[in-house]
Amino acid sequence: MSSTSGQVIRCKAAVAWEAGKPVVIEEVEVAPPQAKEVRVKILFTSLCHTDVYFWEAKGQTPVFPRIFGHEAGGIVESVGEGVTDLKPGDHVLPIFTGECKECAHCKSEESNMCDLLRINTERGVMLSDGKSRFSIKGKPIYHFVGTSTFSEYTVIHVGCLAKINPSAPLDKVCLLSCGISTGLGAALNVAKPKRGSTVAVFGLGAVGLAAAEGARIAGASRIIGVDLNPRRFNEAKKFGVTEFLNPKDYDKPIQEVIAGMTNGGVDRSIECTGNINAMISAFECVHDGWGVAVLVGVPSRDDQFKTHPMNILNERTLKGTFFGNYKPRSDIPSVVEKYMNKELELEKFITHEVPFAEINKAFEYMLQGDSLRCIIRMGA
Ligand SMILES: NC(=O)c1ccc[n+]([C@@H]2O[C@H](COP(=O)([O-])OP(=O)(O)OC[C@H]3O[C@@H](n4cnc5c(N)ncnc54)[C@H](O)[C@@H]3O)[C@@H](O)[C@H]2O)c1
Ligand SMILES: [Zn+2]
Ligand SMILES: [Zn+2]
């Protein structure tokens, strides 16, 4: 038992008071974990574009004040009643979509959409009692996707924590808590390109480049990277992307350019932008008869996907995935082992590092399209 077990912890957290305004490092109170909950000391966190969308709240429902952050690594400080799988000192990765291990989805080999703990971007409270565990002078501060890792301590449902090898460096494997597993799984578990096939990846941020890495591991021979930001292309060469397309360089839809380059379309495409037009292009650029498109990007609340039904009748398949179809507790420990065995490189995704006090820089780097991942060091 740690000395803080059962007590309120006062610590630093980055609070987003208003949409799009710099987050402010505040002293917050973190309540002890309730039944089936775990309080985690976060050591490293990073910024994913999903945090930025909900912080900007342009096309999303605003929930403020809120503590964002969902890509992180930490150590269990204390556990609530009924938690048997984790104990203080365990190393964990928080995951924004959980695994209760009991519902029909958790029991299905095909799904990771847990009934109880699937991603919910609008809920800002804990499931058990509908309350927040964070407060400042008695005023609640809302959670984000059940993780809120931009805090030195956070409270998370036990089903949203993957217990990992304690010798794995948390400043690297924290990336597996969202973006890299998502992209990798979108390729390996969902798109499943065949050896020698051609794959298009839309959006060459960390998620898209992890998808390219997955396509390379699966044996794809051509990987076509599509991005509006030409600075991404140099970086992308390290990830097995073989050709680059900037839609701005063409006066016809990029799906037509791709069809022209590939004898009618790619075998697989993976969309990692969050832009509705890129989602439609990603679907329409796959070959008829066998092509499969996978959507990964998080759309705006009011987006509508529009394509002619003939594109589907012509035997194209459209799929989508959260977290690359990985089940967080069952599958992520072995993805961490892939890094430990050097089958997967994470260092090349890390373009920046900042101390927690400078967390707003991580937002700037992402908004300017300069960073893949920026590691934020807590307690520094
Ligand atoms: N489904 C999931 O489980 C899941 C998990 C993590 C992230 N995401 C989503 O994946 C997406 C990528 O995340 P990221 O952290 O890599 O973001 P990022 O900002 O680092 O990368 C996105 C890239 O897409 C490019 N882009 C934007 N619009 C485009 C367009 N119309 N055509 C081509 N390229 C375009 C940008 O220039 C950028 O390089 C985001 O939408 C994020 O919310 C989804
Ligand atoms: Zn994410
Ligand atoms: Zn479940």
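Last residue of the sequence shown: number 379 in numbering that gives the first Met the number 0, and the count goes up by one each step with no gaps.
Every residue gets a Cβ at the ideal spot worked out from N, C-alpha and C, and that includes glycine.
Ligand 2 approaches glutamate 70 closely enough that one of its heavy atoms is under 7 Å from the residue's Cβ. Counting the other CB atoms within 10 Å of its CB gives glutamate 121 a total below 16, which places it among the exposed residues.
As DSSP reads the structure, valine 75 sits in a beta bridge with Val39.
Looking at Thr148, Ile140, Glu109 and Leu92, the one whose alpha-carbon comes closest to that of aspartate 50 is Thr148. Annotation for leucine 244: no alpha helix (DSSP H) segment contains it, though the beta strand (DSSP E) segment containing it runs 242–244.
The residues Glu28, Val29, Ala30 and Pro31, in chain order, have a CB closer than 8 Å to that of valine 7 in the same chain once the five nearest residues on each side in sequence are set aside. In the DSSP assignment, proline 354 is bridged to Arg376.
In this model, valine 206 and valine 225 are separated by some 13 Å (Cα to Cα). Following the DSSP letters along the chain, one finds tyrosine 52 inside the alpha helix (DSSP H) bounded by residues 48–55. A contact between stretches requires three or more CB pairs, one per stretch, nearer than 8 Å, and the segment 261–269 meets this requirement with the segment 183–198.
In this structure isoleucine 41 touches glycine 73 by the C-beta definition: roughly 4 Å separates them, less than 8 Å.
For proline 93, the enclosing beta strand (DSSP E) starts and ends at 90–93.
When Ser110, Pro246 and Gly182 are compared, the shortest CA-CA separation from valine 334 is found for Gly182.
Here the alpha carbon of aspartate 89 sits roughly 43 Å from the alpha carbon of glutamine 303. Between the alpha carbons of glutamine 59 and leucine 343 lies a gap of roughly 34 Å. Taking C-beta atoms as the reference points, cysteine 177 and histidine 69 count as a pair closer than 8 Å. By the beta-carbon neighbour count (other beta carbons within 10 angstroms, threshold 16), lysine 326 is buried.
When secondary structure is reduced to three states using DSSP, isoleucine 222 falls in the strand class. Judged by DSSP in its simplified three-state form, tyrosine 338 adopts helix. In this structure, the straight-line span from the alpha carbon of tyrosine 141 to that of glycine 19 is close to 16 Å. Straight across, the Cα-Cα distance linking phenylalanine 63 with isoleucine 118 is about 18 Å.
Per the Cβ contact rule, the segment 226–233 is not in contact with the segment 288–301 (fewer than 3 Cβ pairs under 8 Å).
DSSP, reduced to helix, strand and coil, places tyrosine 364 within a helical segment of the structure shown. Distances taken from the Cβ of leucine 126 to the heavy atoms of ligand 3 include none shorter than 7 Å. Counted as a single uninterrupted DSSP element, the beta strand (DSSP E) harbouring histidine 156 occupies residues 152–156. When C-alpha distances from lysine 193 are compared across Ile216, Leu203, Phe201 and Ser180, the shortest belongs to Ile216. Apart from the 5 residues on each side of it in sequence, glutamate 346 sits with its Cβ closer than 7 Å to the Cβ of Lys171 in its chain, given in chain order. Under DSSP, proline 139 shares a beta bridge with Ser134.
Here valine 198 really is in contact with valine 265; their C-beta atoms are around 6 Å apart, less than 8 Å. Residue range 8–14 is occupied by the beta strand (DSSP E) that includes isoleucine 8. For cysteine 271, the CB stays at least 7 Å from every heavy atom of ligand 2. Here asparagine 164 is near glutamate 336, since their CB atoms are less than 8 Å apart. A Cβ-Cβ separation of about 16 Å leaves methionine 377 out of contact with threonine 3 under the 8 Å criterion.
Non-local C-beta neighbours of asparagine 324 in its own chain, meaning closer than 7 Å and more than five positions away in sequence, comprise Asn111, Gly184, Asn188 and Val189, ordered along the chain. For serine 268, the enclosing beta strand (DSSP E) has its first and last residue at 267–270.
The continuous alpha helix (DSSP H) containing threonine 181 extends over residues 178–184.
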